[in-house]
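One structure below.
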Amino acid sequence: MRYHFILFFILFAYAKSFTQIIDSKRQFNTKFRIALDSIERKLIVNKFGTDSSYLLYYTITNISKDTLTYITNSCFYYNHYSLKVEEIEFDLNPKGGCIFNETTSHLLPPGGFFKKTEFITAFNLHALTKGERNVTLLIPLIQDNEIQYRVDGRVFDENVEYLIFDNQAKIVETILNKRKRN
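By the count of the working numbering, the sequence shown reaches residue 936 at its end, each step adding exactly one.
Okay, here's the thing in structure tokens:
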């Protein structure tokens, strides 16, 4: 009987956390709109082998009637996002440390936007395949005051809510050949 109670408690906590994500979708999607332009796998071929890196290209638009500030980070560990492509989930930019984080404030008047290129890491990014895919991206935001929002995916922040993209996006691959030619 004790184990049934523990299982019930765990399931209840999971359902409650999922509800919080849905509630934040309603709040932040009335302030900002995110458009995921593409996810790129960049392969660099050189004489020693092949290196790969992954980039996220997106646009943030202020859809409110107020001028808002959207703050981004230079340290990619602060940009701990969740990504789901079709049925595969990716924990982007997992825990790590930075010696220095520089923030960038984007002052967005109503209808204003900015484009962002974000370096991403994850254990299983090699599973991405080229093409147009169903994608869900969750970006953790913290509201500092009525007009200022900052990206912060560190786990110790309790007031985090999510800006959510849930639509089709392109996954592309770029190959750069850096081998010397004779």
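By construction, the Cβ of each residue, glycine as well, lies at the ideal position given by its N, Cα and C atoms. Since this is a predicted model, take the numbers as computed values, not measurements.
- In the three-state scheme derived from DSSP, where H, G and I count as helix and E and B as strand, Phe830 is classed as helix.
- Contact annotation: the region 784-792 does not touch the region 844-855, with fewer than three C-beta pairs closer than 8 Å.
- If you draw a 10 Å sphere on the C-beta of Asp820, you find fewer than 16 other C-beta atoms in it, and that means exposed.
- Taking C-alpha positions only, Asn931 is separated from Thr784 by approximately 44 Å.
- Bounds of the beta strand (DSSP E) holding Phe868 are 867-874.
- When C-alpha distances from Glu927 are compared across Val799, Arg787, Phe786, the shortest belongs to Val799.
- Leu879 sits in a helix when the DSSP states are folded into three classes.
- 8 Å or more divides the Cβ of Ser807 from the Cβ of Phe867.
- By the CB criterion at 8 Å, Thr871 and Leu809 fall inside the cutoff.
- In the structure shown, Phe802 falls within a coil segment according to DSSP collapsed to helix, strand and coil.
- Within the same chain, Cβ atoms closer than 6 Å to the Cβ of Cys852 are found at Cys829, Tyr831, the five residues on either side in sequence being excluded.
- Phe782 carries a helical assignment under DSSP once its states are collapsed to helix, strand and coil.
- In the DSSP assignment, Thr821 falls outside any beta strand (DSSP E), carrying neither H nor E.
- Of the candidates Gln902, Gly850, Gly907, Asn827, Asn827 places its Cα closest to the Cα of Thr857.
- If you look at Phe844, you'll find it in the beta strand (DSSP E) that goes 842-845.
- Secondary structure at Gly907: coil, using DSSP grouped into helix, strand and coil.
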